[in-house]
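Residue numbers (the working numbering): 18 to 368.
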């Protein structure tokens, strides 16, 4: 439905209700007839008002007295005695001529007023708790002032000086540029404990580190000795040309090879090594290049070896005692022997 129809219907309903109220009002007015001479409603200008009965009087009020009173409604009373007049006899008759009509009208008006007056709900209001003044609610705060030191603490007395004796100079250990520890000064023969003989220096250094941790003072000497090493050979070949062909294959693969003549033919030497694992690895490389047959043999070679020694000792028994202690470490099998030691340029050379 359009919005203007809603508005029209609403205004129509309002007008209908207003007309109905007017009709009801007019109907009641004509049914009751003319207004009574004495007004029983609230005080209004131009309306005669019925006053309460006076003590000792006839209980009636004249109409013109009511008019006089109504003329003063809304004005403050002056308190003068001239305004209050006694009621006459014909005033009582005029009031009584209307009979009980004013009382009936007054009762109806009071009933209507009671019906219209809205009901008043009584709500209990709790009294507000009395508030304490701020001076009583908060406790008194006493300011705390930290103590201030007016005097500085006394400085501790300096410790008495202690006379230090000069350090005793110690002879520095002689270490050569190669890291070898010089042996004790000894010329001639003496007993030593040989802990190990190593073709590789790294083996000697590891054994010396273990001995130092156990409180010993080992030293190292180097000598050239004949040792047995691993040699890899290819062959033998019947002709020099065949040996040279295999040598070329090995060199092309990055391996060192040398042709040697032996009593059973021509051989190709692939190098010497103290390490068995390294030698086996070289044999595998040569086989992968198509070289064969291959073999591993032990050969004698002159090499510089490093010997780890303890001593020297004046007697064999003293050397044996040290050898027993070294054997308990489990690093090697020591040997007691007599050596001719000579110091040469800070190194020990065995004679």
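All C-beta atoms, glycine included, are put in the ideal place defined by N, C-alpha and C.
Inspect the beta-carbon positions of residue i and residue j and report whether they are closer than 8 Å.
{"i": "residue 214", "j": "residue 246", "result": "no"}
{"i": "residue 274", "j": "residue 258", "result": "no"}
{"i": "residue 210", "j": "residue 343", "result": "yes"}
{"i": "residue 235", "j": "residue 346", "result": "no"}
{"i": "residue 325", "j": "residue 221", "result": "yes"}
{"i": "residue 237", "j": "residue 219", "result": "no"}
{"i": "residue 306", "j": "residue 266", "result": "yes"}
{"i": "residue 317", "j": "residue 241", "result": "no"}
{"i": "residue 270", "j": "residue 302", "result": "yes"}
Starting from residue i, trace the beta strand (DSSP E) both ways and give me its first and last residue.
{"i": "residue 316", "result": "311-330"}
{"i": "residue 276", "result": "275-279"}
{"i": "residue 344", "result": "No beta strand (DSSP E) holds residue 344; the alpha helix (DSSP H) holding it covers 333-346."}
{"i": "residue 244", "result": "236-254"}
{"i": "residue 231", "result": "Taken as a continuous stretch (DSSP letters only), residue 231 belongs to no beta strand (DSSP E), as it is neither H nor E."}
{"i": "residue 270", "result": "Counting along the chain, residue 270 falls outside any beta strand (DSSP E), and DSSP gives it neither H nor E."}
Would residue i be called buried (16 or more neighbouring beta carbons within 10 Å of its own) or exposed?
{"i": "residue 252", "result": "buried"}
{"i": "residue 357", "result": "exposed"}
{"i": "residue 287", "result": "buried"}
{"i": "residue 338", "result": "exposed"}
{"i": "residue 254", "result": "buried"}
{"i": "residue 300", "result": "buried"}
{"i": "residue 31", "result": "exposed"}
{"i": "residue 231", "result": "exposed"}
{"i": "residue 329", "result": "buried"}
{"i": "residue 26", "result": "exposed"}
{"i": "residue 284", "result": "buried"}
{"i": "residue 323", "result": "buried"}
{"i": "residue 74", "result": "Note that residue 74 scores a pLDDT of 46, beneath 50, so its modelled location is shaky; the value from the coordinates is reported in the next line. The residue in question, residue 74, is exposed, as its Cβ has fewer than 16 Cβ neighbours within 10 Å."}
{"i": "residue 113", "result": "Residue confidence for residue 113 is low, a pLDDT of 40 falling below 50, so the modelled location carries little weight and cannot support an answer."}
{"i": "residue 185", "result": "For residue 185, the predicted model reports a pLDDT of 41, less than 50, meaning its position is unreliable and no value from the coordinates is stated."}
{"i": "residue 28", "result": "exposed"}
Could you please give the first and the last residue of the uninterrupted alpha helix (DSSP H) stretch that includes residue i?
{"i": "residue 305", "result": "293-305"}
Consult DSSP for residue i and reduce its assignment to one of helix, strand or coil.
{"i": "residue 109", "result": "The predicted position of residue 109 is uncertain, since its pLDDT is 40 and thus under 50; a value taken from the coordinates is nonetheless stated next. Helix, per DSSP."}
{"i": "residue 261", "result": "helix"}
{"i": "residue 217", "result": "coil"}
{"i": "residue 35", "result": "helix"}
{"i": "residue 353", "result": "strand"}
{"i": "residue 227", "result": "helix"}
Relative to the C-alpha of residue i, which candidate in the options has its C-alpha closest?
{"i": "residue 249", "options": "280, 304 and 256", "result": "304"}
{"i": "residue 296", "options": "341, 313 and 309", "result": "313"}
{"i": "residue 261", "options": "231, 308, 243 and 271", "result": "308"}
{"i": "residue 351", "options": "293, 24 and 212", "result": "212"}
{"i": "residue 375", "options": "292, 37 and 23", "result": "It is not possible to answer for residue 375, since the shown part of the chain is limited to 18 through 368."}
{"i": "residue 228", "options": "316, 340, 318 and 43", "result": "340"}
{"i": "residue 281", "options": "256, 333 and 349", "result": "256"}
{"i": "residue 207", "options": "335, 36 and 349", "result": "335"}
{"i": "residue 223", "options": "36, 349 and 279", "result": "349"}
{"i": "residue 298", "options": "315, 279, 277 and 272", "result": "272"}
With respect to 7 Å, is the separation between the Cβ of residue i and the closest non-hydrogen atom of the ligand ATP below this value?
{"i": "residue 293", "result": "Absence of the ligand ATP from the depicted structure is noted, as is the absence of any ligand whatsoever, leaving it without description."}
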